[in-house]
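Residue numbers (the numbering used here), protein chains in the order written: chain F, 1 to 109; chain E, 1001 to 1111. The C-beta atom is built at its ideal place from N, Cα and C for all residues, glycine as well. Since the structure comes first, as structure tokens, the remarks are kept for the end.
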Amino acid sequence: LAKTTQPISMDSYEGQEVNITCSHNNIATNDYITWYQQFPSQGPRFIIQGYKTKVTNEVASLFIPADRKSSTLSLPRVSLSDTAVYYCLVGEGYQKVTFGTGTKLQVIP
Amino acid sequence: SAVISQKPSRDICQRGTSLTIQCQVDSQVTMMFWYRQQPGQSLTLIATANQGSEATYESGFVIDKFPISRPNLTFSTLTVSNMSPEDSSIYLCSVESFGYTFGSGTRLTVV
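So this is what it looks like as structure tokens:
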């Protein structure tokens, strides 16, 4: 199972773009990269998933370089409601995944 | 993606007792996963449950302490047995369905 490394915490002002980078040096060929968001007292919620290059949905973008050893979650124009813990997971579908420490994002008014 | 109903959402239990947590999924899934999340920490995988076979436990977790049932493809239970205050945590179930979907969690306090 690929291990992931993320910053423990980040602060950002409202309206700014936030980029959270995850390192996963031993990612396997069949592994996908998935990001989750967790609010206090709730289970993690799927944000975005990708394999390579760039993926964009209505809430975020995911940038993955050619070597796939890292990935960056980009949240455009964050608001106070984006304050949460963000987890980067690497794994192949239908297998167990291991959660890293996550990044605690604090959005400041 | 799948929708998971997990209950109870929270409970306060006496030490030495057991609590069974239930997860119901709205679609058939091959594997279900059980996690523990201690206060302020990340999620730790307890075990993987396949229908019709015994659960596979991660290092540090044993069947006698955390027995799991998986009677069909939409349901699973996790029992926390002979509880102590150190078992106070949030317990979550999860399934893989277009990304992993999680239940809302069970907040357990052991007194």
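Hey, is residue i's beta-carbon within less than 7 Å of any beta-carbon in chain E?
i                     : result
residue 56 of chain F : no
residue 39 of chain F : no
residue 7 of chain F  : no
residue 43 of chain F : yes
residue 46 of chain F : yes
residue 16 of chain F : no
Can you give the beta carbon distance from residue i to residue j, rounded, assuming they're within the 8 Å contact cut?
i                       : j                       : result
residue 64 of chain F   : residue 71 of chain F   : 5 Å
residue 1095 of chain E : residue 1013 of chain E : Not really, about 26 Å apart at Cβ, beyond 8 Å.
residue 92 of chain F   : residue 26 of chain F   : Not quite, the Cβ-Cβ distance comes to about 13 Å (not below 8 Å), so this is no contact.
residue 101 of chain F  : residue 10 of chain F   : With 8 Å as the limit, residue 101 of chain F and residue 10 of chain F do not qualify as a contact, their Cβ atoms being about 13 Å apart.
residue 1106 of chain E : residue 1021 of chain E : 5 Å
residue 107 of chain F  : residue 14 of chain F   : 6 Å
In terms of DSSP beta bridges, what is residue i paired with?
i                       : result
residue 10 of chain F   : F/105
residue 91 of chain F   : F/32
residue 1091 of chain E : E/1036 and E/1106
residue 1055 of chain E : The partner list for residue 1055 of chain E (beta bridge, DSSP) is empty, contrary to what the question assumes.
residue 18 of chain F   : F/75
residue 1050 of chain E : E/1031
residue 1079 of chain E : E/1020
residue 1006 of chain E : E/1023
residue 38 of chain F   : F/85
residue 46 of chain F   : F/36
residue 1068 of chain E : E/1078
residue 52 of chain F   : Beta-bridge pairing links residue 52 of chain F to no other residue.
residue 64 of chain F   : F/53
residue 1045 of chain E : E/1035
Quick check: is the beta carbon of residue i nearer than 7 Å to any beta carbon in chain B?
i                       : result
residue 1085 of chain E : Among the protein chains in the structure shown, which are F and E, there is no chain B.
Going by the C-beta, is residue i closer than 6 Å to any heavy atom of the ligand SAM?
i                     : result
residue 31 of chain F : In terms of ligand content, the structure shown is empty, and the ligand SAM therefore cannot be addressed.
What residues from the stretch 1013-1047 of chain E come within 7 Å of chain F, judged by C-beta to C-beta, listed N to C?
Taking 7 Å as the Cβ-Cβ cut-off against chain F, the residues of the stretch 1013-1047 of chain E that qualify are 1030, 1031, 1033, 1042, 1043 and 1045.
For the stretch 1093-1104 of chain E, which residues have a beta carbon sitting closer than 9 Å to at least one beta carbon of chain F?
1093, 1094, 1096, 1098, 1099, 1100, 1101, 1102, 1103 and 1104
Beta carbons nearer than 7 Å to chain E: which residues of the stretch 96-109 of chain F have them?
So the list reads 96, 97, 98, 99, 100, 101 and 102, given in the order they occur along the chain.
With three or more beta-carbon pairs closer than 8 Å as the criterion, would you say the stretch 1029-1045 of chain E touches the stretch 1067-1082 of chain E?
yes
Any 3 or more C-beta pairs closer than 8 Å across the stretch 1053-1071 of chain E and the stretch 11-18 of chain F
no
Check whether the stretch 1052-1065 of chain E and the stretch 1091-1107 of chain E are in contact - that is, three or more C-beta pairs closer than 8 Å.
no
Could you run through the stretch 20-37 of chain F and flag, in chain order, every residue whose CB is less than 7 Å away from some CB of chain E?
34
Specify whether the stretch 38-55 of chain F and the stretch 1021-1031 of chain E touch according to this definition: at least 3 beta carbon pairs, one from each stretch, less than 8 Å apart.
no
At a Cβ cut of 8 Å, what residues of the stretch 1076-1087 of chain E count as close to chain F, listed as they run along the chain?
none
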